[in-house]
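Working notes, structure below.
Number of protein chains: 4
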Amino acid sequence: MPRTQEENERIRQVAKENIRTAAMEIFIERGYHDASIDDVVKKAGVSKGLMYNYYRGKEELLEEMVQNRIEEIIQVMQEASALGSPSEQLKHIVKGALDNVKQRPDVYRFYLHLQTQPKEDKVLSKYSQILNEAMAKQFEVQCGMFAGLGTANARLRSLYFSSTLHGMMLMICTYPDQYPTEEMKEQIIQQFCTDR
Amino acid sequence: MPRTQEENERIRQVAKENIRTAAMEIFIERGYHDASIDDVVKKAGVSKGLMYNYYRGKEELLEEMVQNRIEEIIQVMQEASALGSPSEQLKHIVKGALDNVKQRPDVYRFYLHLQTQPKEDKVLSKYSQILNEAMAKQFEVQCGMFAGLGTANARLRSLYFSSTLHGMMLMICTYPDQYPTEEMKEQIIQQFCTDR
Amino acid sequence: MPRTQEENERIRQVAKENIRTAAMEIFIERGYHDASIDDVVKKAGVSKGLMYNYYRGKEELLEEMVQNRIEEIIQVMQEASALGSPSEQLKHIVKGALDNVKQRPDVYRFYLHLQTQPKEDKVLSKYSQILNEAMAKQFEVQCGMFAGLGTANARLRSLYFSSTLHGMMLMICTYPDQYPTEEMKEQIIQQFCTDR
Amino acid sequence: MPRTQEENERIRQVAKENIRTAAMEIFIERGYHDASIDDVVKKAGVSKGLMYNYYRGKEELLEEMVQNRIEEIIQVMQEASALGSPSEQLKHIVKGALDNVKQRPDVYRFYLHLQTQPKEDKVLSKYSQILNEAMAKQFEVQCGMFAGLGTANARLRSLYFSSTLHGMMLMICTYPDQYPTEEMKEQIIQQFCTDR
DNA sequence: AATGAATGAGTATTCATTCAT
DNA sequence: AATGAATGAATACTCATTCAT
Chain R
1 MPRTQEENER
11 IRQVAKENIR
21 TAAMEIFIER
31 GYHDASIDDV
41 VKKAGVSKGL
51 MYNYYRGKEE
61 LLEEMVQNRI
71 EEIIQVMQEA
81 SALGSPSEQL
91 KHIVKGALDN
101 VKQRPDVYRF
111 YLHLQTQPKE
121 DKVLSKYSQI
131 LNEAMAKQFE
141 VQCGMFAGLG
151 TANARLRSLY
161 FSSTLHGMML
171 MICTYPDQYP
181 TEEMKEQIIQ
191 QFCTDR
Chain D
1 MPRTQEENER
11 IRQVAKENIR
21 TAAMEIFIER
31 GYHDASIDDV
41 VKKAGVSKGL
51 MYNYYRGKEE
61 LLEEMVQNRI
71 EEIIQVMQEA
81 SALGSPSEQL
91 KHIVKGALDN
101 VKQRPDVYRF
111 YLHLQTQPKE
121 DKVLSKYSQI
131 LNEAMAKQFE
141 VQCGMFAGLG
151 TANARLRSLY
161 FSSTLHGMML
171 MICTYPDQYP
181 TEEMKEQIIQ
191 QFCTDR
Chain L
1 MPRTQEENER
11 IRQVAKENIR
21 TAAMEIFIER
31 GYHDASIDDV
41 VKKAGVSKGL
51 MYNYYRGKEE
61 LLEEMVQNRI
71 EEIIQVMQEA
81 SALGSPSEQL
91 KHIVKGALDN
101 VKQRPDVYRF
111 YLHLQTQPKE
121 DKVLSKYSQI
131 LNEAMAKQFE
141 VQCGMFAGLG
151 TANARLRSLY
161 FSSTLHGMML
171 MICTYPDQYP
181 TEEMKEQIIQ
191 QFCTDR
Chain V
1 MPRTQEENER
11 IRQVAKENIR
21 TAAMEIFIER
31 GYHDASIDDV
41 VKKAGVSKGL
51 MYNYYRGKEE
61 LLEEMVQNRI
71 EEIIQVMQEA
81 SALGSPSEQL
91 KHIVKGALDN
101 VKQRPDVYRF
111 YLHLQTQPKE
121 DKVLSKYSQI
131 LNEAMAKQFE
141 VQCGMFAGLG
151 TANARLRSLY
161 FSSTLHGMML
171 MICTYPDQYP
181 TEEMKEQIIQ
191 QFCTDR
C-alpha cells in the first residue's frame, strides 16, 4: 500500500531540508568551488542519487542559499519598516546587520565572498548579481527612512550610512574576536540614527 | 662572448615579470580557481615548462600578487607618514585607498575576494591571513595618526574610520559606476581628517 | 463480492499492455539506451514500482517488443502461405514488408538498429540474434515458394530476392519521403513474383 | 633543449593515430554508447589526459570515424569514375561495396547501426545524417553512370540497383559466414552492369 | 633556458533497480 | 496491487604538474 500524499510530502520536505542544511555548512566551510557533492551528501547522510532527486545540481543548492539570504535581508527591512520612527527603523537595521554578522561571521563571509566573485565567473557571478540587486532594492527603502528623518540629502546620507555599516560588517567577519562590535554599534547609531 | 651571467639574470627577470603580469591579469579576470595555467602561459607567451622553472606552481603566483599588494599598502602608509600633519596623513590614506579602488575596482575586488576566502580553504586562507596581518600592522600606524590628531579614544576612532573607509571601498567595487566616490571622499575626510 | 480472481487478472493484463505500449513508443523515439525508465512510466502513467512488478527490468520490455515483431513477421508469412499461387504469396510478402516500412519507418528503423547492434553488446546482441533467427526461419518458407514457382536455383533466387527486398526496406526508412516505394514495389514484383 | 617543431608534429600524429585506431576498435566492438573512454585509452596505452589533448571528447572520435568512412566511399566512387565504360564503373562499385563489407562485416555493421540511430538521439543522429548526405551525393554520380549505360529511366534504375546492393551489404553483415557473396555479386552485375 | 607531450587524481551527474510502506 | 523515496555504480571530462628532449 503506498504512502499517503501528505506522508510523502513530509518525507520530501525533511530530506530536502536536511540536504540544504548540509550543503550550507559545507559551502560555508569550504567555499562553493571547493565543496564536493560527495562531502555534502556524506554530511547529510544520504545518497548522491537522492540529492539529485531534489536538486538539479550543485548550482541549485547555491541558489537556495542565496534565496534564503535575500529573504533574511528582506525580513530585517520589513521588521524595520514596521517600527514607529525613522530613527528606530535605522537602529533596527544596524542591530539586525551587526548582530547577524557577529553571530555567524562565517556566513556573512560566505556571502561577501560570493558578492566579490570575479565578474567573468560563469556560475557564481549570476548569484553575486542577484544579491547585489536585492541589496540595491533595500537601499531604496533605507533612503526613505533618511528622508523621514529630515536629512537634507537623504540619498547621500543613506549611502554614507551604508558604507559605514557594510564596512563594519566586513571588519567583524574579518576579525570576529577582536572587533568591538558593541562600541561601534553605539557610534554608528549615534551618528546616523538620531533625529537632530 | 661571456657576460652571460648578468645577461642571463636579466633575461630571467624579464621572463618572470612577464609571467607574473599575465597571471595577475588572468587571476583578476577569472579568479584564482577558474584561472588555468594554460591561460596564463598562453597570455605570457611562454611554455608551461618555463613557467614551472620560475614558479613552484600556481600558488606561488598568487603569493607574488599578495606580496605586491602588501607593498602597495605599505607604500601608501609610508607616503602618508612622510607628510607633515596627522590630518594630511589621514587624507592621504583616504585618497590612496579610494582612488586605487576607483581606478581598478576589479583588482580590489580580487583581493577582497581573497580575504573572504573560507577559513578552511587549504590553499587560499593562508594568503587571506597574510593580507589581514599586513593590514593589521598598518592599522597600528593609523592609530598613531589619530593619537596625533588629539583624538580622545584614538584606537576606537581609528577603527571607526577604517570601518567607514573599507565600507566605501567595498561599495565602490560593487557599484563602480554608480557610487559617488568624490562626494563620499569629502564626507569621510570632513568627519575624520580634520583637527577640531 | 469475489470474482476478484478474473477481475485482477484483467487489470493486470491492461496495466501490462499499457506499459508495454508506452515503452515501445519511447524506445522507438529515443532508442533503447537513451530511453529512461522514468520516461516510460511517466508516459504509461504508472509508478516505477508497478513497472517492476510486471517486468523484470528494461530488458524484458525490449524482449516483448522483439516477440511482437517476430509475431508480425510470422503473421505476414502465414497470410502469404494461405494464398493460392506462389506468385501471389511472394507478392504478399513484398507488399507486407514495404507497406509496413512505409507506414512506420521509425519502427522498422528501430528493429534494424537493434539487428545491427555490435556483437559484443552484453544486452542487446541477444535480441538481434533472436530476430535474425526468426528471419532465417521465414527465409526457409520463402525458399519453398520460389521452388513452387519453378525457379531453377530456388535458394539463390530467394536470397537475391530477400537482398533486394531488405535493401528497399532500408532505403525507405532512410529516405522515407523521397523513396518511390510504389515504383520499386512494381519492379521487384515484376522481377521476382511472376511465373514465366 | 626543446624538440623541433617537426619532431613534435610527428609525435602528435603518431599519438593521434594511435588513439583513433584504438577508439575505432572499441567503438566497433562495443558500440558508441557502450564504449567508455577508459576502455579506449587503455587500449591505446595512453592517459585520459592525452586523449583529451588531441580530441575534444568522445564525440570527436566518432566524427573522425565518420569522416574516414565518407572518404572511403568517395574514393571508391572516384576509382569507379576513372574507369572507361559505365558498365566497368558500376562493376567497380559493386565489388568495392561487397568486398569491403565481406572483409570487415563488423565495420559496415557499425556504420549501418549509426545510420539507423533514432532521429531524436542528441549526439548520433547528426552523424547518421552526415553519412546519409554523403551517400546521397554519391548516388547522383551513380545515376550518371546508368544514364551513360543508355538506361531509359536512369534514376529509377539507379535506385533499384542501390536497393539491391545495400540489401546485399546488409545481409552479408548479418550472416557473414553464410551469405554467398560471390554468387550474389555475379547476379547483381549481370542484372545491372551490362550494356544490352 | 625552454618546450610541450604526457599524466592521473578529482568530480559532477545519470539512471536502472530496490524496498519500506 | 501500487507507490515513489532511496540507492550507488558507472563515466566523461578538467587541469595542475612532471619530465624527456
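Chains as they are written, first to last, in the UniProt record's numbering: chain R, 1 to 196; chain D, 1 to 196; chain L, 1 to 196; chain V, 1 to 196.
Ideal placement from N, C-alpha and C gives every residue a C-beta, glycine not left out.
Between residue i and chain D, is there a C-beta pair that is closer than 8 Å?
i              : result
I130 (chain R) : no
R20 (chain R)  : no
L170 (chain R) : yes
D34 (chain R)  : yes
Shorter than 8 Å from the beta carbon of residue i to some beta carbon of chain L?
i              : result
I70 (chain V)  : no
L61 (chain V)  : no
Q187 (chain V) : yes
E9 (chain V)   : no
Taking just the CA atoms, how far does residue j sit from residue i?
i              : j              : result
K126 (chain V) : Y160 (chain V) : 27 Å
E59 (chain R)  : V123 (chain R) : 8 Å
R10 (chain D)  : L61 (chain D)  : 20 Å
T4 (chain R)   : H33 (chain V)  : 39 Å
P118 (chain R) : E88 (chain R)  : 37 Å
A23 (chain R)  : Y54 (chain R)  : 13 Å
I19 (chain L)  : V66 (chain L)  : 15 Å
G31 (chain V)  : D121 (chain L) : 7 Å
I26 (chain L)  : H166 (chain V) : 28 Å
K91 (chain D)  : I74 (chain D)  : 16 Å
S36 (chain D)  : A15 (chain D)  : 19 Å
A152 (chain L) : M184 (chain V) : 15 Å
E7 (chain V)   : V141 (chain V) : 42 Å
P2 (chain D)   : M169 (chain D) : With a pLDDT of 48 at P2 (chain D), under the threshold of 50, the modelled position of this residue cannot be trusted, and the question is left open.
Between the Cα of residue i and the Cα atoms of the options, which residue gives the shortest distance?
i              : options                           : result
A154 (chain L) : L:C173, L:C143 and L:R104         : L:C143
G150 (chain R) : R:L62, R:E60, R:R109 and R:T194   : R:T194
E17 (chain D)  : D:F110, D:M51 and D:G167          : D:M51
M171 (chain D) : R:P176, R:T174, R:Q67 and R:T164  : R:T164
Q178 (chain D) : R:T174, R:L156 and R:M145         : R:L156
G57 (chain V)  : V:N68, V:V40 and V:I70            : V:V40
M109 (chain V) : V:A15, V:E6 and V:R69             : Before going further, note that residue 109 (chain V) is Arg rather than Met in the sequence given. Closest option to R109 (chain V), Cα to Cα, is V:R69.
K137 (chain L) : L:G31, L:M77 and L:S36            : L:M77
Q129 (chain R) : D:V141, D:T174 and D:A134         : D:T174
S158 (chain R) : R:D99, R:E133, R:K185 and R:P86   : R:P86
E72 (chain L)  : L:G148, L:M135, L:K42 and L:I37   : L:M135
F146 (chain D) : D:T181, D:S162, D:L131 and D:E183 : D:S162
D99 (chain V)  : V:R12, V:E6 and V:E182            : V:E182
E64 (chain V)  : V:E29, V:P2 and V:L131            : V:L131
Distance cutoff 8 Å, beta carbons only. Does residue i sit that close to anything in chain V?
i                     : result
D177 (chain L)        : no
D38 (chain L)         : no
S158 (chain L)        : no
G31 (chain L)         : yes
residue 277 (chain L) : Here chain L covers residues 1 to 196 and nothing more, so residue 277 (chain L) does not appear.
T151 (chain L)        : no
M77 (chain L)         : no
M1 (chain L)          : Only weak support is given to the placement of M1 (chain L): the predicted model assigns it a pLDDT of 42, under 50, and the question is left unresolved by the model.
Indicate whether at least one CB of chain R lies closer than 8 Å to the CB of residue i.
i              : result
D99 (chain D)  : no
L50 (chain D)  : no
H166 (chain D) : yes
S162 (chain D) : yes
K119 (chain D) : yes
T116 (chain D) : yes
Return yes when at least one heavy atom of the ligand HEM lies under 7 Å from the C-beta of residue i, else no.
i              : result
C173 (chain L) : The ligand HEM is not among the ligands present in this structure, which contains no ligands whatsoever.
### Query
Is there contact here, the stretch 103 to 118 of chain D with the stretch 36 to 48 of chain D, by at least three beta-carbon pairs under 8 Å?
no
### Message
Does the contact criterion of 3 or more C-beta pairs under 8 Å hold for the stretch 179 to 193 of chain D versus the stretch 68 to 86 of chain V?
### Response
no
### Query
Should the stretch 90 to 110 of chain D be regarded as contacting the stretch 93 to 111 of chain R, the criterion being three or more beta carbon pairs within less than 8 Å?
no
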